[in-house]
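Working notes, structure below.
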Amino acid sequence: MADESLFEFLHMEIVSHIFNEQQSGKGEMDNKDRAACISLLEAMGFRVGQGLIERLTRDTPSFKDELDIMKFICKDFWTKVFRRQVDNLRTNHQGTYVLQDNKFALLTQFSAGKQYLDQAPKYLAFSCGVVRGALSNLGLESVVTAEVSVMPSCKFQVVIQKL
Amino acid sequence: MSRQSNRTTDSKKMNSELFTLTYGALVTQLCKDYENDEEVNKQLDKMGYNIGVRLIEDFLARSTIGRCQDFRETADIIAKVAFKMYMGITPSVTNWSPGGDEFSLILENNPLADFVELPDNHSSLIYSNLLCGVLRGALEMVQMAVDVKFAQDSLRGDNVTEIRMKFIKRIEENLPAGEE
């Protein structure tokens with residue numbers, strides 16, 4: 007069993023490394039550079055999510071349908087990865103899901119309000135990737151985005167791509 | 014669903030696979046970012062150092078351990094308390110130098126390298142080099158300059174993973190007058 011603070015520190019270092027790497031060479035970062043960093047972090051998370059779900063679903067019976075998978079993500083997966091269940095799951099029954107976590111693990115140390123809100127996206131990209139990677143290995147291609155209005159609460163929006 | 018949301022006991026322990034896989038993703042990324050393994054090793058050490066200087070505060074606050082009397086005590090605390098707390102393993106402390114300023118940590122299994130196999134073209138990559146940085150950074154914050162490096166690595170064909178630690182010097186404290 008590893009300790010969560012170790013993971014949190016590692017995650018912070020990864021985020022700052024990716025951003026420094028992009029920034030060195032040029033002076034200012036524009037929105038395009040920032041988007042590139044975010045998608046890099048997302049891609050790293052994706053691979054981690056893929057690996058995690060393989061390990062976590064080893065002994066699980068197969069899923070009935072999409073909603074069943076989402077419930078698994080909200081309960082078991084979230085508990086294993088972020089140490090609590092998703093507080094609220096909503097769906098429009100057309101492939102869009104909103105997962106709300108009122109005390110998201112990676113944001114609790116930042117603030118309990120609106121301070122540093124502009125910094126939040128870079129600390130959520132990795133987690134979005136983790137969720138997307140997990141869904142991908144369960145056969146659901148999706149787009150996962152995160153939205154924060156007040157820390158440490160966070161809403162993840164999952165849009166399943168119909169092929 | 015909110016049934017468990019207030020549960021806080023033992024919440025510090027987490028799924029170590031998340032940590033292991035995340036670390037793997039980082040190393041993969043660094044291998045893409047840099048041309049040679051040396052550069053990756055250096056970067057891992059630097060990131061580890063940044064983690065170490067922060068982790069020590071977390072460690073001291075949670076373990077309520079005071080100042081070490083000598084390097085032997087330091088070694089014991091690193092192996093039995095710190096490694097146990099953060100990685101869930103207890104390395105053995107061996108190979109003391111006659112002067113008592115150098116020892117080895119032997120890791121039976123390295124949690125960072127759980128699902129890892131090094132490809133042939135990365136023979137000089139020190140996969141877990143982050144650990145060296147963490148140890149160096151953490152000890153520097155408690156006034157000890159220490160040289161840390163991997164002497165053996167099971168990923169590179171050795172039988173065990175061995176971290177060699179060498180005490181260099183005590184860093185002088187520059188406390189403002191009147192403060193203990």
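Just so you know, the protein sequences line up as chains A and B, in that order. Just so we're aligned, residue 7 is where the first sequence starts under this note's numbering, counting upward by one. Just so we're aligned, residue 14 is where the second sequence starts under this note's numbering, counting upward by one. Every residue gets a Cβ at the ideal spot worked out from N, C-alpha and C, and that includes glycine.
Check                                                                                                                                                                          : Outcome
Using the beta-carbon count (16 or more within 10 Å), is A/Q91 buried or exposed?                                                                                              : buried
Please report the distance separating the alpha-carbon of A/Q106 from that of A/G139.                                                                                          : 19 Å
Cβ of A/T114 versus every heavy atom of the ligand PLP: is any distance shorter than 7 Å?                                                                                      : This structure simply doesn't include the ligand PLP, nor any ligand for that matter.
Does the pairing of the segment 122-141 of chain A with the segment 74-89 of chain A give three or more beta-carbon distances under 8 Å?                                       : yes
For A/N108, which residues from the same chain have a beta carbon less than 7 Å from its beta carbon, with the 5 sequence-adjacent residues on both sides left out?            : D93, S159
Expressed to the nearest angstrom, what Euclidean distance is found between the alpha-carbon atoms of A/V136 and B/Q82?                                                        : 44 Å
Please report the distance separating the alpha-carbon of B/L168 from that of A/F25.                                                                                           : 30 Å
For the segment 115-177 of chain B, list the alpha helix (DSSP H) runs that are entirely contained and at least 4 residues long, ordered along the chain.                      : 143-153
Taking the beta carbon of B/E186 as the centre, do at least 16 other beta carbons fall within 10 Å, making it buried, or is it exposed?                                        : exposed
Which residues, in chain order, does the segment 35-59 of chain A contribute to contact with chain B at a C-beta distance below 7 Å?                                           : M50, R53, V54, G57, L58
Among B/E30, B/N54, B/R177, B/E153, whose alpha-carbon lies nearest the alpha-carbon of B/S110?                                                                                : B/R177
B/L144: buried (16+ other C-beta within 10 angstroms of its C-beta) or exposed?                                                                                                : buried
With 9 Å as the limit, tell me which residues of the segment 77-93 of chain A have their beta carbon closer than that to any beta carbon of chain B; keep them in chain order. : C80, K81, T85, K86, V87, F88, R89, R90, Q91, V92, D93
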